Each structure stands twice: as structure tokens, then as C-alpha cells.
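Below is one structure; the comments refer to it alone.
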Amino acid sequence: MEKLLVPTICKVDKVIQETPDIRTYRLKFREEGLMEQFTFLPGQFVEFSLLGSGECTFCIASSATRKGYFDCSIKKAGVVTADIHNCIEEGDEVGIRGPFGNWFPLEDIKGKNLLFVGGGIGLAPLRSLIQYCIDNRGDYKDFTILYGARTSADLCYKEEIKEWQDDKSLNIVLTIDRPEETWHDNVALFPKFWKR
Ligand SMILES: Cc1cc2nc3c(=O)[nH]c(=O)nc-3n(C[C@H](O)[C@H](O)[C@H](O)COP(=O)(O)OP(=O)(O)OC[C@H]3O[C@@H](n4cnc5c(N)ncnc54)[C@H](O)[C@@H]3O)c2cc1C
Numbered sequence: 001m002e003k004l005l006v007p008t009i010c011k012v013d014k015v016i017q018e019t020p021d022i023r024t025y026r027l028k029f030r031e032e033g034l035m036e037q038f039t040f041l042p043g044q045f046v047e048f049s050l051l052g053s054g055e056c057t058f059c060i061a062s063s064a065t066r067k068g069y070f071d072c073s074i075k076k077a078g079v080v081t082a083d084i085h086n087c088i089e090e091g092d093e094v095g096i097r098g099p100f101g102n103w104f105p106l107e108d109i110k111g112k113n114l115l116f117v118g119g120g121i122g123l124a125p126l127r128s129l130i131q132y133c134i135d136n137r138g139d140y141k142d143f144t145i146l147y148g149a150r151t152s153a154d155l156c157y158k159e160e161i162k163e164w165q166d167d168k169s170l171n172i173v174l175t176i177d178r179p180e181e182t183w184h185d186n187v188a189l190f191p192k193f194w195k196r
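Residue 1 is where the sequence shown starts when you use this note's numbering, and the numbers rise one by one after that.
Next up, the structure:
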């Protein structure tokens, strides 16, 4: 964007409750044509502002290869993130500055085996790279995602993980820190674990 310190207004297109304290906000620029001009690479971040509350840094959790929107996954951590969780709903408007920061070495990883290792909200920046690599799958060899969280409820992107598990060209390894005995919705992600 041209004006570094001036936020551009985005509309919240969708809010996805990923875990008890993480939500993904799918954003689109309000002004026609701006979405097409917004270019970013996996690893970059934006400054996300909520008028009257403040501004926070969030990585872009989706890939620019998925056109027409970008995602920020936000964990409730303190003052502003709590306000975002409590106040922002679909159709609301927020301010965005960016993209800023470095990106993953996309050229260097071409032709290589890929191993993504992440935990909890740490999958957010990796998801941008994972989506980018899936959308350019032919450029890479083995593709493994190792993802963990404290409990199965704390795993982000559960619907997308199911799609990754269904893709036979990807190897998905999930882990949780605490043993679980209760039968709930996330069982589908752990077929081997639960069959034991
Ligand atoms: C490059 C970058 C990318 C990021 N990407 C993401 C992302 O994709 N998703 C995401 O959820 N977060 C991300 N973060 C973290 C996110 O920016 C912070 O969680 C957010 O700014 C917190 O703002 P807040 O006002 O809600 O919290 P604050 O009120 O500032 O508090 C944050 C936490 O720190 C504690 N805290 C505050 N001050 C102190 C202190 N002095 N001593 C000890 N503890 C203190 C609070 O109790 C709270 O737990 C990223 C950060 C960076 C730098």
C-alpha cells in the first residue's frame, strides 16, 4: 500500500471459530479492485486495527494463490485481541496496513522434500506456505505436515486438515499433549489413535 501508516478498510467476510480461543477472520478490501492489487508472499504479516481499541500484528494465514480474500487467525491474548473476538462479526469493518516483513525462501525449497512443523496458533504463518505449496504441488517432492496442540480442541483448521488427510500426496501427522478419553467432534482427525 502507498500510505504506510494509513489503514485501508477491509470487510470481514467470514469468521471461523477454530478453537475455544482462536478465530480466523476472512477479509476483503472494501474498495473495489484493491483485493486484486494486494500482493503478498507466505510469511508476511499485516497490522490489523480496530477503531477505539488498537492495532495488532498478525501474519497472513492464507496464500495469495487463493484469490479474492486473505485470512488472519487471531488468538485471544490480551486487550485488543479480546476486543476483536468480542466485537468483530461478519460484515464489520477493520483497518489493515501491510503487507510487511520477510517471506519464506520460496525459490530455495523448490524441488525439495518439505517438512512443516508447527504447534497451536503457530500453524497460521505455515498455513500460508502450505496452501502455496499445495497449489504448486508439482514443484516439490515429499510433503509432510507435523502439527500439534495441547488438546484436539486446540487444533486449528480442522476442516482443512481433513482435506489434507484426504490428499494422498500429503503426509499429515497430528499430535496432542494430553491424552483424551471423551468422544467428540475432533475424533475424525485421529482415526488411528481412536481405533486403538
Ligand atoms: C510478526 C508477528 C506475527 C504475529 N502473528 C500472529 C498471528 O497470526 N495470530 C496471533 O494470534 N498472534 C500473532 N502475533 C501475536 C499478536 O500480535 C499478539 O498476540 C497481539 O498483538 C496481542 O495484542 P493484545 O492487545 O490482545 O494483547 P496485550 O494486551 O498486548 O497482551 C498480550 C499478552 O501478553 C501479556 N502481557 C502484556 N504485557 C505484559 C508484560 N509486560 N509482561 C508479561 N506479559 C504481558 C498479556 O497478559 C497477554 O497475555 C504475531 C506477532 C508478531 C510480532
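Glycine included, every Cβ here is placed at the ideal spot set by N, Cα and C.
These numbers come from a predicted model, not from an experiment.
*To the nearest angstrom, how far is it from the Cα of A82 to the Cα of R23?*
11 Å
*If L155 and I161 are in contact, beta carbons under 8 Å, what's the gap, nearest whole angstrom?*
7 Å
*Option nearest Y69 by Cα separation, candidates A77, T39, S53, D92*: T39
_What residue range does the beta strand (DSSP E) around C56 cover?_
54-59
*For N102, which option in C10, C59, V173 has the closest C-alpha, if you only look at C-alpha atoms?*
C59
*Residue nearest to R30 in terms of C-alpha spacing, selected from L51, E93, E55*: E93
*Provide the residue(s) that pair with D139 in DSSP beta bridges, ordered along the chain.*
BP columns for D139 are empty, so no partner.
*Given 8 Å as the limit, is there contact between the region 102-111 and the region 47-63, that is, 3 or more CB pairs closer than that?*
no
_As a quick exercise: from K11, F45, R26, V15, pick the residue whose alpha carbon is nearest that of L126._
F45
*asked:* Out of V173, V15, F190, D71, which one is the CA nearest neighbour of E47?
replied: D71
*asked:* In the DSSP assignment, the beta strand (DSSP E) including V94 goes from what residue to what residue?
replied: 93-100
_Same chain, Cβ closer than 8 Å to G43, five either side skipped, listed in chain order_ = C59, G101, N102, W103, F104, P125, S128, L129
*asked:* Which residue wins for smallest C-alpha separation from L114, given the options G98, I134, G95?
replied: I134
_Whole-angstrom distance between P99 and Y157, CA atom to CA atom_ = 23 Å
*To the nearest angstrom, how far is it from the Cα of P179 to the Cα of I96?*
40 Å
*asked:* DSSP three-state label for I109, please.
replied: coil
_Whole angstroms are fine: how far does the CA of R150 sit from the CA of S62?_
23 Å
*How many angstroms separate the CA atom of L27 from the CA atom of K11?*
6 Å
*asked:* On a Cα-Cα basis, can you pick out the residue from S73, C87, E90, M35 that is closest to R66?
replied: M35
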